[in-house]
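Okay, so here's the structure we're looking at.
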Amino acid sequence: MNVRRYPNFDYLRLYLALAVVWFHAWHSTGLPYNDLPFMVPAFLGISGFVIPPSLESSKGTGHFFWKRFLRVMPGFVAALTIVAALYGARYIGPTLTSWYTFGFVRGEGKDPVLWSLAAEEVVYFCVAALFLLGAYKKPALLWTMWAVSTVVEAWIMPHLSNYGTNVAMLPSAFLIGNLLYIYRDRLKVNPWIPLASFVVLLAYYPFRADSFTLQYLHQSLLIASLVWTGFAGPPMKWRLPIDISYGVYVYHWMVVLQVAHPHMELDRIVEQTFLIVIPLAVASALLIERPALKLKDWLWWKRRLARPAVLEPGPAS
309 MNVRRYPNFD YLRLYLALAV VWFHAWHSTG LPYNDLPFMV PAFLGISGFV
359 IPPSLESSKG TGHFFWKRFL RVMPGFVAAL TIVAALYGAR YIGPTLTSWY
409 TFGFVRGEGK DPVLWSLAAE EVVYFCVAAL FLLGAYKKPA LLWTMWAVST
459 VVEAWIMPHL SNYGTNVAML PSAFLIGNLL YIYRDRLKVN PWIPLASFVV
509 LLAYYPFRAD SFTLQYLHQS LLIASLVWTG FAGPPMKWRL PIDISYGVYV
559 YHWMVVLQVA HPHMELDRIV EQTFLIVIPL AVASALLIER PALKLKDWLW
609 WKRRLARPAV LEPGPAS
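Counting along the sequence shown from 1, when you hit position 238 you're at 546 in the numbering used here, and nothing is skipped either side.
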């Protein structure tokens, strides 16, 4: 099956990764941030759209998980290597703890953003389970799960910390992406409509009410409009030559910790972080991520070669 690619998603992922850099640079200054950050849930919304066709095009669930492993783990291991190089090997354990506890136990972990990779990995299993249940052919289950998760999340938002709300929004964001994937053909409208909806909702972001519940409902619409723009908005004429969004995301926090100093201006922190993390992400994409992804069909290719030849029966002697 030939899976169609949507170049807009490459640009949107890069935008989200750079927005996360700005957010964590803001955090490093000690300034309070009292709104719901939308970037990680938006990443999950995009994954909810792009991961199901990856499974559909795979040669089985094993092949699907192998491709996902190659997409995530090389950069993950590189991030842990940087942790060891900058801070010492003893910090690998706390960083892994932050990862597998979804960031709820951070301790001395030096790259806490890795928690969201654990959420992505859970998504892969959820997509496989929903696919096997036939949810992508009969979406009533997805609609039910989305409705329940939205009601529960909207209700619990006021009772959570700012970080807790970030994690709590992931299920509904993922299901929004799933539903948009199912109805993608019906949602092909004038491409400026999804883009306009995203721009308007994003422009409203600084003016949201203080209520986390209302912010969450706005955020759900914002994520839906972002994913809608990704597949139905005005298509970007040029594809990005390399995708550096993953590298920017997984490496940036360690860079922020290195460049930020007390009383340093936010713009200066962001500028210096970009000057370091973007070349690092380019090197990671070219030297680690791309070579790894070239192996995505390797095991299945070798298996086909190993099959014994089936000989045609010869004439009876």
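Glycine residues also receive a C-beta, built at the ideal position from the N, C-alpha and C atoms. Treat the numbers as computed from the prediction; the structure is a model and nothing was measured.
Beta-carbon proximity check, residue i vs residue j, cutoff 8 Å
i	j	result
proline 345	asparagine 486	no
leucine 339	leucine 534	no
valine 435	isoleucine 359	yes
threonine 403	leucine 425	no
lysine 604	tryptophan 374	yes
tyrosine 524	alanine 462	yes
histidine 332	valine 564	yes
valine 431	phenylalanine 482	yes
aspartate 343	arginine 516	yes
leucine 583	tyrosine 559	no
valine 348	methionine 562	no
alanine 600	leucine 378	yes
glycine 396	threonine 405	no
leucine 394	leucine 478	no
alanine 591	serine 336	no
glutamine 572	threonine 521	Before going further, note that residue 572 is methionine rather than glutamine in the sequence given. Contact flag unset, no.
valine 385	glutamate 429	no
Cβ neighbours of residue i in the same chain (closer than 7 Å, five flanking residues each side left out)
i	result
leucine 503	Thr537, Gly541 and Pro542
tryptophan 334	Tyr341 and Leu574
phenylalanine 410	Trp423, Ala426, Ala427 and Val475
alanine 325	Ser553, Val556 and Tyr557
alanine 443	Leu449 and Leu450
phenylalanine 317	Ile354, Val358 and Gly538
proline 616	Only weak support is given to the placement of proline 616: the predicted model assigns it a pLDDT of 41, under 50, and the value that follows is read from those uncertain coordinates. Within the same chain, proline 616 has no close Cβ partners at all.
isoleucine 400	Leu388, Val391 and Ala392
Among the options, nearest to residue i - alpha-carbon criterion
i	options	result
valine 556	Tyr323, Pro315 and Phe317	Tyr323
phenylalanine 506	Lys496, Leu478, Gln527 and Ile490	Gln527
isoleucine 550	Ser519, Ile596, Leu565 and Phe331	Ile596
aspartate 419	Arg494, Asn498 and Val329	Val329
glycine 383	Glu579, Ala568, Ile552 and Val567	Ile552
serine 519	Met544, Leu548, Ala511 and Ser469	Ser469
phenylalanine 412	Gly472, Leu510 and Ser365	Gly472
alanine 350	Leu510, Trp407, Met544 and Leu394	Leu510
lysine 446	Thr521, Lys602 and Tyr489	Tyr489
serine 480	Arg492, Ala455, Leu363 and Ile464	Ala455
tyrosine 631	Ser365, Leu529 and Pro499	Nothing in the structure corresponds to residue 631, since the chain is present only between 309 and 625.
leucine 440	Tyr491, Gly417, Gln580 and Leu363	Leu363
tryptophan 606	Asp493, Trp500 and Lys367	Lys367
methionine 544	Pro570, Pro499 and Met381	Pro499
threonine 433	Lys602, Val585, Asp318 and Ser355	With the sequence shown as reference, residue 433 is identified as phenylalanine, and threonine is not the correct amino acid for it. Considering only alpha carbons, the answer is Ser355.
valine 497	Ile464, Phe539 and Val508	Phe539
arginine 398	Tyr408, Gly417 and Ala386	Gly417
isoleucine 484	Val508, Met453, Pro570 and Arg494	Met453
8 Å CB neighbourhood of residue i in its chain, flanking five on each side removed
i	result
tryptophan 546	Pro315
tyrosine 408	Ala426
valine 578	Val329, Trp330 and Ala333
Contacts around residue i, its chain only, beta-carbon distance under 6 Å, and the 5 residues preceding and following it disregarded
i	result
arginine 313	none
glutamine 566	none
glutamine 580	Val567
arginine 492	Phe539
leucine 548	Asp318
threonine 369	Ala436
- Message: Report the start-end ranges of each alpha helix (DSSP H) in the region 358 to 437 that is 4 residues or longer and not cut off at the edges.
- Response: 369 to 395 and 400 to 408
- Pick out the complete alpha helix (DSSP H) segments inside the region 457 to 492, 4 residues or longer, and give them in chain order. 470 to 476 and 478 to 490
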